[in-house]
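For the sequence shown, the working numbering puts the final residue at 232, and the numbers step up evenly by one. Ideal Cβ placement from N, Cα and C applies to all residues, glycine included.
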Amino acid sequence: MTDKPSRIVILTGAGISAESGVDTFRDEGGIWAKVDYRDVATPEGFARNPSLVHDFYNQRRQGLKGIQPNAAHIALAKLEREFSGNVLFVTQNIDDLHERAGSQRLVHMHGELARALCVRCGTRHGWREDMDAFSICGACGSTGHLRPDVVWFGEMPYQMERISAAIALCDLFVSIGTSGNVYPAAGFVEEAKFAGAHTVELNLEPSEGRSHFAEAHYGKATEIVPVFVERILGG
Ligand code: BV8
């Protein structure tokens, strides 16, 4: 990275929350090693067995109570506060660690664990307790129409136009803690390259998309992300 960037887009995945104690998906012993994503992270799976899906997300939502943001989340929030240019965080994660670390310009492209979506009236609202087929929508009062406000496989991620517009204008694209398996997020690095941005991967190990990045640093997010942020702030 030669000159000081002015517009940064930062994509994060499960790896940035790993050191906070949140399971990743595809590492050894990860979430998809314990449960079939087709059963719990697709609309078809929810239609087939809603209580299995509610249990899957209730467990993960309860887990939010015992975790804290780590040094990587905190460094990114510092970058947003102190950087003179423009930063947008795009996370695939559905935990709330970025916002709890202080990040504000944040897009949860795969939704949020601590929110509910009513399929009857379309309202989205905060939801931190267990959810089941008898949960009542606070907006329309109906029962049995709530689902977790997360984006399942086969569903359109949130705020894609805003994300693509930011990538088209960025001069630095950083990918942190993602295996680069899931689209359209995994394709963002190529959009950034096309826009002429410098592209950087910060991960524990090379991802599926490693060949697309101009620069890469491998190690634990709590170690390499603060160093990278200081380099950007230091100029
Ligand atoms: C869609 C939310 C279209 C719920 C999730 C091509 C183009 C477009 C779509 C597709 C395509 N090819 C295939 C598709 C379909 C599909 C897809 O990508 N499938 C894959 C499996 C091939 N994509 C979709 O279905 C998407 N929707 O395309 O819609 C459309 C168009 C029109 C109209 C309607 C629809 C929706 C995808 C979203 C699915 N939802 N989750 C939930 O969380 O339960 S995906 C799930 O994977 C999570 O969101 C997760 O964030 C995401 C990505 O995983 P990662 O974050 O990367 O986690 P992973 O474990 O894989 O990797 C962790 C990494 O961290 C590792 O590399 C590891 O080394 C590293 N790490 C570990 N520890 C550390 C660390 N790094 C640093 N420090 C550490 N300590």
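According to DSSP, Leu103 sits in a beta bridge with which residue or residues? Phe86
Taking 7 angstroms as the cut-off, is the beta-carbon of Ile164 closer than that to any non-hydrogen atom of the ligand BV8? no
Which first and last residues belong to the alpha helix (DSSP H) in which Ile164 is found? 157 to 166
For the alpha helix (DSSP H) that Tyr215 lies in, which residues bound it at each end? Where Tyr215 is concerned, there is no enclosing alpha helix (DSSP H), although the beta strand (DSSP E) it sits in stretches over 212 to 215.
Less than 8 angstroms separating the beta-carbons of Ile173 and Gly12? yes
Which of helix, strand or coil DSSP assigns to Ser172: strand
Inter-stretch contact (C-beta, 8 angstroms, three-pair minimum) for the stretch 130 to 137 and the stretch 156 to 163: These segments do not touch.
Select from Ile164, Leu169, Pro203 the residue whose C-alpha is nearest the C-alpha of Phe185. Ile164
Shorter than 7 angstroms, the distance from the beta carbon of His105 to the closest heavy atom of the ligand BV8, or not? No, the ligand BV8 has no heavy atom inside 7 angstroms of this Cβ.
Would you report the Cα separation of Lys190 and Leu230, rounded to the nearest angstrom? 22 angstroms
Could you check whether the Cβ of Leu201 sits closer than 7 angstroms to any heavy atom belonging to the ligand COA? In the structure shown, the ligand COA is absent; the only ligands present are the ligand BV8.
Check the C-beta distance from Thr88 over to Leu103 and give it rounded, since I have them as a contact under 8 angstroms. 7 angstroms
Please work out which residues of its chain come closer than 6 angstroms, Cβ to Cβ, to His70, disregarding the five sequence neighbours upstream and downstream, and give them in chain order. Leu94, His95, Ala98
With 16 other CB atoms within 10 Å as the buried threshold, where does Phe150 fall? exposed
Whose CA, out of His142, Arg125, Gln101, Asp127, lies closest to the CA of Gly119? His142
Does the beta-carbon of Tyr180 have 16 or more other beta-carbons within 10 angstroms, so that it is buried, or is it exposed? exposed
Is the stretch 193 to 201 close to the stretch 32 to 44, with three or more CB pairs under 8 angstroms? no
Assigned secondary structure, Gly206 (DSSP; H/G/I helix, E/B strand, else coil): DSSP, reduced to helix, strand and coil, places Gly206 outside both helices and strands of the structure shown, so it counts as coil.
Can you tell me the Cα-Cα spacing of Gly42 and Arg23, whole angstroms? 20 angstroms
Given a cut-off of 8 angstroms on the beta-carbon distance, is the pair Asp146 and Leu114 in contact? Yes, the Cβ-Cβ distance between Asp146 and Leu114 is below 8 angstroms.
Answer with buried or exposed for Val224, where buried requires no fewer than 16 other C-beta atoms within 10 angstroms of its C-beta. exposed
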